[in-house]
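Reading through the structure tokens given below for one structure.
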Amino acid sequence: MYGIVHQSGGSLVVESELGKGSVFRVFLPVTLGRDAWVPAGSTLATRGSETILLVEDEPEVRRVCALTLRALGYAVVVANDAEHAIKICATDERPLHAVLTDVVMPGISGVAMVERLRALQPGLKVLFMSGYTDRQIVDATTLQAAAAFINKPFTPDALGQQLRLLLDAG
91 MYGIVHQSGG SLVVESELGK GSVFRVFLPV TLGRDAWVPA GSTLATRGSE TILLVEDEPE
151 VRRVCALTLR ALGYAVVVAN DAEHAIKICA TDERPLHAVL TDVVMPGISG VAMVERLRAL
211 QPGLKVLFMS GYTDRQIVDA TTLQAAAAFI NKPFTPDALG QQLRLLLDAG
């Protein structure tokens, strides 16, 4: 929760009293609405128009990532798990330029899912994301094959930069 609040420019205050419990206060900046939000500092260098498959099992993280990608100009196709993503890739007519996926998901892992997606769309570029600090959870050979990695929590700017670098790479 702290990461999402901090990324949004907000703050979190916790008051705790022994034997009485805790109070969590979340302060978020006022916005003009969903469509008016643009990531701070986003530039043409971090923006794009490609189609991105977003695969994330946590609803709030998925919502924030989709909102960020759309604000950066990307078309976003959303899947809530690996099976859904594989079905989309197998049946959707639109070409997918990249997939942004969590590494650790229930059922099929992000790494195993990517292998199946690449069988359907060879050359699909991949940006893995994870809240785990140990990068070893992603197989090194998978990262070498047109994949990149970003640690959660990340800022909208960091996501835009990583995705743009991935998409622009040979």
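Note that this note's numbering gives residue 105 to position 15 of the sequence shown, counting from 1, and the numbers run on in steps of one.
Where a beta carbon is used, it is the ideal one built from N, C-alpha and C, also for glycine.
As the structure is a prediction and not an experimental result, all values here were calculated from the model.
Per DSSP, A259 lies in no beta strand (DSSP E) and is assigned neither H nor E. Around the Cβ of F117, a 10 Å sphere holds fewer than 16 other Cβ atoms; the residue is exposed. Contact between the region 101 to 110 and the region 239 to 257 is absent, with fewer than three C-beta pairs closer than 8 Å. Take the alpha-carbon of H187 and the one of S112: they are about 45 Å apart. The beta strand (DSSP E) runs lying completely inside the region 148 to 179 and spanning 3 residues or more are 165 to 169, given in chain order.
In its chain, beyond the 5 residues on either side, V104 have a beta carbon closer than 6 Å to the beta carbon of F114. Under the DSSP assignment, V189 falls outside any alpha helix (DSSP H), being part of the beta strand (DSSP E) whose first and last residues are 188 to 192. V167 places its beta carbon 7 Å or farther from that of A156.
For V194 against Y222, the beta-carbon gap comes to about 7 Å, under 8 Å, which counts as contact.
DSSP places T181 in the helix class (H, G or I) of the three-state scheme. When the alpha-carbon of G197 is set against those of A172, A209, L210, D182, the nearest one is in A172. Judged by DSSP in its simplified three-state form, E205 adopts helix. Between R137 and L162, the gap from beta carbon to beta carbon is short of 7 Å.
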